[in-house]
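Counting in the working numbering, the sequence shown runs from 74 upward without gaps.
C-beta atoms are modelled at their ideal positions from N, C-alpha and C, and glycine is treated no differently.
Keep in mind it's a predicted model, so treat the numbers as computed, not measured.
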Amino acid sequence: MIKTIQKIFIVAFFLFCAMPVLALTIGYRNENVEKRILAKWPALIEEGRLNTKYPSDIEEYLADHYAFRPLMVTADAKLKASLFGESTSDQVIIGKEDWLFFRSTLDDYQRVIKLSDNDLYRISRILELQDEYLSQQGVRLVFMVAPNKASIYPEYMPERFVRLDSKSDYERLCEYLSDSGLDIIDLHESLRGQSAQVYHKLDTHWNNLGATVALGKMIEEIQIVDPSLHFVDYEEQPHVIEMTHRGDLSNMLYPSMDIMDEQVVFDLAGDYRTRRPMRSLEDLLIQTDNDNGQNVDVLMFRDSFANALIPFLSESLRTITYSRTVPYDYGLMTDETDIVFIEIVERNLEVLLQGTPQMPVYEVNMDFDISSDYVEVDATITPSKEGVFIYGVAVPESVGTTDTNYEIYLRLISDDNVITVVTFPVLEGSYVESAKNHSNAAFAARISFDSLPAGIYSASVVVCGPENYAGDLPGIQFEVPQTNSDG
């Protein structure tokens, strides 16, 4: 009898171990609750050759697809979290009172410097150039950073993560921007002052109440454009708390458990309409109109933190365009645009250095006292029907360091004209890797043919820093056709 029981246990054990593979062979497929790209079944022969990685590729496939994987991952995660307070996900930190935090925000929380002084200078310069361009169009620009959850609720972070006695990248950036004249919304201060909970416990983002705090600050900026506009103060509106939100962090940590988080629910009329079918609030482009909204036209460059803002803003405004595209596309502006918002989460500030905004550079009238005519220049030109995109690096010989702050201008030279335009301090194309040690000497300019008289143009560069330096851009030449010019 005992031997029979032992045999049953042995058979049951092997059946249990074999269940994932057996279920896979009969067609069972897991739901991809982790929302990541899964390994595909590998080919034994690739491009006419034996795939030498076939065994490891098979292993990766089985690791991703074996049956009941999400259940096993969840069970393991829940056990370790309950017993030891440890997270099995490299993306999630388990904090006090079961609060969850995104590990990517840990450096910001501990005030580890990720952005150099020159990075911050270049971000400031990039924002200032956008502000000046919009100012010339009679449009306001407002910049706001959505705080990391750990910046608002540090008391729930594990004590093992020690904070340095220094300033965070966000605080350092604010210092750079303090003298820029740029309109800035400080959401850190506004959200820290709230007595009610304004972030989800199990998600990286603010809840709807936190979104209304940001909304209130945005409305203050909109009313500067037109003080006669009147908006609903949603912070004072009735709301209820419902357990309806599934947090992104809890989904990463416990993929098979439907753990719901609190959400603050407001009664919105939903009068707005979208110009195109909307799949989700994550769409790259969302445009809404509301006949009952206030008479203002808004363009907002945003990330996922604006998801919670969209219902409130679209309920309040006549017209608003939301864009998640990076770099920011100012081709979305119209003659009716009154104000532009740039919203970006604190942990992603470096994104502001990635890609030149889709906007034409503008002309400046400047005289330069040139100290040297030698600059080591490497440049590329990319033509289009509307203009040219010129980008590269311009490093003064034996001058400065990789942290020296430069303002770089292009001089566009034809037989009849010399036109000076601003450039963005952004690495583009192959220079992102090949010239990353000279990012402080990066320049990029989108030049519209409509802004230039007809003619054949060459280009030179002026590098302004501790001293001013100039150099030609060899091989850079383009023609502005007569039909695109004003002359």
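If you follow the beta strand (DSSP E) that residue i is in, where does it begin and where does it stop?
{"i": "Q360", "result": "L358 to D362"}
{"i": "P469", "result": "G460 to P469"}
{"i": "L546", "result": "N541 to V553"}
{"i": "E416", "result": "I412 to V418"}
{"i": "V271", "result": "V271 -> no beta strand (DSSP E), and no H or E assigned at all."}
{"i": "L214", "result": "R213 to A219"}
{"i": "V494", "result": "V491 to V495"}
{"i": "S444", "result": "I443 to S445"}
Quickly, what does DSSP pair residue i with across the bridge? List them, please.
{"i": "L390", "result": "Q367"}
{"i": "M316", "result": "E335"}
{"i": "P456", "result": "V461"}
{"i": "Y530", "result": "F551"}
{"i": "D256", "result": "V215"}
{"i": "E308", "result": "The partner list for E308 (beta bridge, DSSP) is empty, contrary to what the question assumes."}
{"i": "A518", "result": "I463"}
{"i": "H165", "result": "Checking the displayed sequence, the identity of residue 165 turns out to be Val instead of His. Answer is F175, bridged to V165."}
{"i": "V448", "result": "P469"}
{"i": "Q431", "result": "D402"}
{"i": "Y395", "result": "I359 and M373"}
{"i": "V71", "result": "As displayed, the chain neither begins before 74 nor continues past 560, which places residue 71 out of reach and without an answer."}
{"i": "E436", "result": "V494"}
Assuming residue i is part of the alpha helix (DSSP H), what are its boundary residues?
{"i": "Y249", "result": "D242 to L250"}
{"i": "I196", "result": "D190 to Q209"}
{"i": "Y482", "result": "Note, Y482: premise wrong, no alpha helix (DSSP H); beta strand (DSSP E) at E480 to I486."}
{"i": "V286", "result": "N281 to V298"}
{"i": "I225", "result": "K222 to I225"}
{"i": "M325", "result": "D321 to L326"}
{"i": "E506", "result": "Y504 to S507"}
Quick test of your reading: residue i and residue j, contact by CB under 8 Å. State the CB separation rounded to the nearest angstrom.
{"i": "V448", "j": "V468", "result": "7 Å"}
{"i": "P311", "j": "L341", "result": "About 12 Å separates the two Cβ atoms, so there is no contact after all."}
{"i": "F522", "j": "E459", "result": "6 Å"}
{"i": "V535", "j": "F441", "result": "5 Å"}
{"i": "T347", "j": "Q360", "result": "7 Å"}
{"i": "E182", "j": "P220", "result": "Looking at the sequence provided, one finds Tyr at residue 182 rather than Glu. Y182 to P220, Cβ: 11 Å. No contact."}
State buried or exposed for residue i, treating a residue as buried only when at least 16 other CB atoms are found within 10 Å of its CB.
{"i": "L426", "result": "buried"}
{"i": "K187", "result": "exposed"}
{"i": "N368", "result": "exposed"}
{"i": "K113", "result": "exposed"}
{"i": "K274", "result": "buried"}
{"i": "G465", "result": "buried"}
{"i": "S507", "result": "exposed"}
{"i": "A116", "result": "exposed"}
{"i": "S301", "result": "exposed"}
{"i": "G404", "result": "exposed"}
{"i": "T277", "result": "buried"}
{"i": "R519", "result": "buried"}
{"i": "M373", "result": "buried"}
{"i": "A284", "result": "buried"}
{"i": "T178", "result": "buried"}
{"i": "S268", "result": "exposed"}
{"i": "H318", "result": "buried"}
{"i": "N513", "result": "buried"}
{"i": "N365", "result": "exposed"}
{"i": "K222", "result": "buried"}
{"i": "L156", "result": "With a pLDDT of 43 at L156, under the threshold of 50, the modelled position of that residue is not reliable, and no figure is offered here."}
{"i": "D488", "result": "exposed"}
{"i": "A154", "result": "With a pLDDT of 49 at A154, under the threshold of 50, the predicted position of this residue should be treated as unreliable, though the coordinate-derived value follows. It counts as buried."}
{"i": "I295", "result": "buried"}
{"i": "E419", "result": "buried"}
{"i": "R375", "result": "buried"}
Residue i and residue j: beta carbons closer than 7 Å?
{"i": "L358", "j": "S396", "result": "yes"}
{"i": "G428", "j": "P456", "result": "no"}
{"i": "T493", "j": "M439", "result": "yes"}
{"i": "S197", "j": "L264", "result": "no"}
{"i": "S162", "j": "L326", "result": "yes"}
{"i": "S445", "j": "Y345", "result": "no"}
{"i": "F551", "j": "V461", "result": "yes"}
{"i": "G343", "j": "D334", "result": "no"}
{"i": "V553", "j": "L525", "result": "yes"}
{"i": "D256", "j": "V215", "result": "yes"}
{"i": "V371", "j": "I412", "result": "yes"}
{"i": "P430", "j": "Q210", "result": "no"}
{"i": "E308", "j": "V338", "result": "no"}
{"i": "R245", "j": "L193", "result": "yes"}
{"i": "R184", "j": "R236", "result": "yes"}
{"i": "L422", "j": "D242", "result": "yes"}
{"i": "S129", "j": "E201", "result": "no"}
{"i": "I166", "j": "R176", "result": "yes"}
{"i": "L500", "j": "A532", "result": "no"}
{"i": "T45", "j": "G544", "result": "Nothing in the structure corresponds to residue 45, since the chain is present only between 74 and 560."}
Could you tell me whether any non-hydrogen atom of the ligand MN is closer than 6 Å to the CB of residue i?
{"i": "R122", "result": "In terms of ligand content, the structure shown is empty, and the ligand MN therefore cannot be addressed."}
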